[in-house]
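According to the numbering used here, the sequence shown is numbered sequentially starting from 494.
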Amino acid sequence: MDTKKEKVADSVPATRVGFIGLGVMGRPMARNLLKANFPLAVYDLNRPAVEEIVTLGASDAGSITGAAAADVVVTMLPDTPDVEAVIFGDQGLAGSMRRGSILIDMSSISPVATRRFAAALAERGVSMLDAPVSGGFQGAEAGTLSIMIGGEAEALERCRSVLEAMGKTINHIGQSGAGQVCKVCNQVVVAINIQAVAEALTLAKKNGVDPGKVRDALLGGFARSTALDLHGKRVLDDNFAAGFRVNLQRKDLRLALETGAATGTPLPATALIQELYGILAATGRGGMDNSSLALLMQEFSGARGDGSA
């Protein structure tokens, strides 16, 4: 009986996955799909990135249309216009994916546009899940991303194993666009927490108190947070080399503000922090880590030039 079950399982073809977007996050995510033994076809305009994944066992899709031949297509792209171009541009996914297939968009893009994209694909018989992630490059490498899902539960269950190869926590938030709304909420919380850490540690420095000891004390109380732990350490080390870049944080906060404007939701703290990130970008620091808000607080207070920084 068990032998028969094994033979039936062996006869079921593995889910074929197409992956479009092999950037900082996309490459490790694709590698984890290969580790999970999914047949993987990859596409990106960056040929070295494609070649890197192909050497690990993926096939070169050659084009968006080539990636669209899969059962499940994953996109991991920078912004809303990029996703729209890949789906609806010439030789895009909308005209190439077969009925019954699934598009998982793991980019962080506009919830409003996502709902529009999903509705248009549904008319063609293609299901779309919006599945933005949290966890950064480290989570992408380790396969421990937190994935926020919007879309039909039935479609999610059909491709759950694909998502489980890339993430540890998979939350179905609601219908189409809900995953993207959750992601912008996540980024609002992250940005406000980083600003709070930046202000607190700068306040400590300006008052002649060791910011490292202040951080240690705060980590033992109600102020404890991931931002205070990880970003606080960056601030103490004066290490603002890019992890999650300022420009990407700005993009996500812009999406949050646009979503708020579309629904009459005021986001005053988010708007202020977006302006501060704008100052960093305007002064040539858009490629630095998002914790570099602390640089501005130190500069505004004179802490970087008075021996207390």
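Every residue, glycine too, gets a C-beta built ideally from N, C-alpha and C. It should be emphasised that the depicted structure is a prediction, and the values quoted were computed from it without experimental measurement.
- prompt: Among the residues of its own chain, which have a CB less than 8 Å from the CB of Leu549, if the five just before and after it don't count?
  reply: Arg524, Leu527
Can you check which of these residues, Met590, Asp598, Arg743, Ser594, is closest to Asp575 by C-alpha distance?
Per the Cα distances, Asp598.
Q) How is Ser639 classed by DSSP in three states: helix, strand or coil? A) strand
Using a threshold of 9 Å, state whether the C-beta atoms of Met590 and Phe512 are closer than that. no
Discussion item. Does Ala534 come out as helix, strand or coil in the three-state DSSP assignment?
Written reply: strand
Which class does Ser718 belong to by DSSP, given the choice of helix, strand or coil? In the structure shown, the three-state DSSP call for Ser718 is coil.
Worksheet entry | Proximity to Met659 [Cα-Cα], best of Ala624, Leu760, Ala684, Gln688 | Ala624
- Query: Between Tyr536 and Ala734, what straight-line distance do the alpha-carbon atoms span, to the nearest angstrom?
  - Reply: 28 Å
Rounded Cβ spacing between Ala635 and Met522 (contact assumed at less than 8 Å): 11 Å between Cβ atoms; not a contact.
Could you check where the beta strand (DSSP E) with Leu723 kicks off and where it finishes?
-> Taken as a continuous stretch (DSSP letters only), Leu723 belongs to no beta strand (DSSP E), as it is neither H nor E.
*asked:* Taking the straight line between their C-alpha atoms, what separation do you get for Ile546 and Met641?
replied: 25 Å
Quick check: Pro786 and Ile766, are their CB atoms within less than 9 Å of each other?
For the record, residue 786 in the displayed sequence is Leu; it is not Pro. Their beta carbons are under 9 Å apart, which means Leu786 touches Ile766 by this criterion.
Check this for me: beta carbons of Val619 and Gly644, under 9 Å apart or not? no
Buried/exposed call for Ser556, threshold 16 Cβ in 10 Å: exposed
Exercise. Helix, strand or coil: which one does DSSP assign to Thr758?
Worked result: Of the three classes helix, strand and coil, the one that applies to Thr758 here is coil, per DSSP.
Practice item. Specify, as a first and last residue, the run of the alpha helix (DSSP H) that Asp623 falls within. Key: Unbroken run through Asp623 is the beta strand (DSSP E), 620-623; no alpha helix (DSSP H).
(Q) If contact is defined by three or more beta carbon pairs under 8 Å, each pair taking one atom from either stretch, is the segment 775-792 in contact with the segment 682-690? (A) yes
| query | So, are the CB atoms of Arg738 and Gly771 less than 9 Å apart? | reply | No, these two residues do not count as a Cβ contact at 9 Å.
Q | Segment limits, beta strand (DSSP E) that includes Leu596 | A | 595-598
* Asked: Under three-state DSSP, which class holds Asn783?
  -> In the structure shown, Asn783 adopts helical secondary structure according to DSSP, grouped into three states.
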